[in-house]
Ligand SMILES: *[C@@H]1O[C@H](CO)[C@@H](O)[C@H](O)[C@H]1NC(C)=O
Ligand SMILES: [Cu+2]
């Protein structure tokens, strides 16, 4: 006889196999009550030099997952004051802190790279990021997670204006690891 928990697992598995959805249930074995969301961001949707969406609000515990379309993009963390430059170039700590999973390359327009990159949100501070390829950052290929909306707070619009006159720096080491795309044939 199939137990209730087996049925619940089967139901969850079916959900996980469905086409891309904006939210994914968290592993039921770790937290039964709380549910974390996965926020999907697509690099180069429709061939544009953008992240879509480029302004995401995420709760602590949520996952942000970047998918990469053609041709050759990545995501690197910066700070607000220094757009298009790795966070580590300005961080006071000697150990690397800003993420950069390396470049993701795919040739066929509209298809996804075989890897995605995920971070888990651990606090409410804004996270600024850019694509370190060529002049993509200057063209507006950048984004923010948890921008603040108080008077005088740093905005993504200002980051993008500042990036126009910036010079892109490719991080000199990989920080974080891309993982296999859970749904490489899912369309965007
Ligand atoms: C992707 O871009 C990076 C950075 O410009 C470059 O080093 C790498 O060779 C490119 N990959 C391919 C397959 O063209
Ligand atoms: Cu790019």
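In the working numbering, the protein residues as written are 7 to 194.
For every residue, glycine included, the Cβ atom is placed at its ideal position computed from N, Cα and C.
A quick note: this is a predicted structure, and the numbers were derived from the prediction, not measured.
- Message: Which residue marks the beginning of the beta strand (DSSP E) containing residue 121, and which one marks its end?
- Response: Per DSSP, residue 121 belongs to the beta strand (DSSP E) from 118–126.
- Query: What three-state label does DSSP hand residue 191 in the structure shown?
  - Reply: In the three-state DSSP reduction, residue 191 falls in the coil class, being neither helix nor strand.
- Own chain, CB closer than 6 Å to residue 37, minus 5 neighbours either side, in chain order: Per-residue confidence for residue 37 stands at a pLDDT of 49, beneath the threshold of 50, marking its modelled position as unreliable; the derived number appears in the next sentence. No residues qualify anywhere along the chain.
- Helix, strand or coil at residue 82 according to DSSP, with G and I counted as helix: Strand, per DSSP.
- Task: Quick one: using the 10 Å Cβ neighbour count with 16 as the cut-off for buried, is residue 34 buried or exposed?
- Result: Because residue 34 sits at a pLDDT of 48, beneath the cut-off of 50, its placement in the model cannot be relied upon, and the point is left open.
- Task: Tell me residue 75's beta-bridge partners as DSSP assigns them.
- Result: Looking at the DSSP output, residue 75 shares a beta bridge with 118.
- Message: Given a cut-off of 7 Å on the beta-carbon distance, is the pair residue 158 and residue 135 in contact?
- Response: Not a contact, by the Cβ cut-off of 7 Å.
- Task: Would you check if the distance between the CB atom of residue 104 and the CB atom of residue 94 is smaller than 7 Å?
- Result: Yes, they are a contact pair.
- Count the C-beta pairs between the segment 180–190 and the segment 42–49 that are closer than 8 Å, then say yes if the count reaches three, no if not. Contact fails: fewer than three Cβ-Cβ distances are below 8 Å.
- Test item, CB below 5 Å from any non-hydrogen atom of ligand 2: Listed along the chain, these residues meet the criterion: 79, 137, 139, 142, 147.
- Report all residues from its chain with a CB closer than 6 Å to the CB of residue 124; omit the five preceding and five following residues, and keep chain order. If we look at residue 124 and ignore the five residues flanking it on each side, its Cβ neighbours are 69, 71.
- Message: Could you check whether residue 153 and residue 43 sit closer than 7 Å to each other, using their CB atoms as the reference points?
- Response: No, the Cβ-Cβ distance between residue 43 and residue 153 is not below 7 Å.
- Query: According to DSSP, what are the bridge partners of residue 47?
  - Reply: Residue pairing from DSSP places residue 47 in a beta bridge opposite 72.
- With respect to 6 Å, is the separation between the Cβ of residue 1 and the closest non-hydrogen atom of ligand 1 below this value? There is no way to answer for residue 1, as the model of the chain reaches only from 7 to 194.
- Message: ligand 1 and residue 111: does any heavy atom of the ligand fall closer than 6 Å to the residue's C-beta?
- Response: At a threshold of 6 Å, residue 111 counts as near ligand 1, since its beta carbon sits closer than that to one of the ligand's heavy atoms.
- Message: Taking 7 Å as the threshold (C-beta atoms), are residue 82 and residue 115 in contact?
- Response: Taking 7 Å as the Cβ cut-off, residue 115 and residue 82 do not qualify as a contacting pair.
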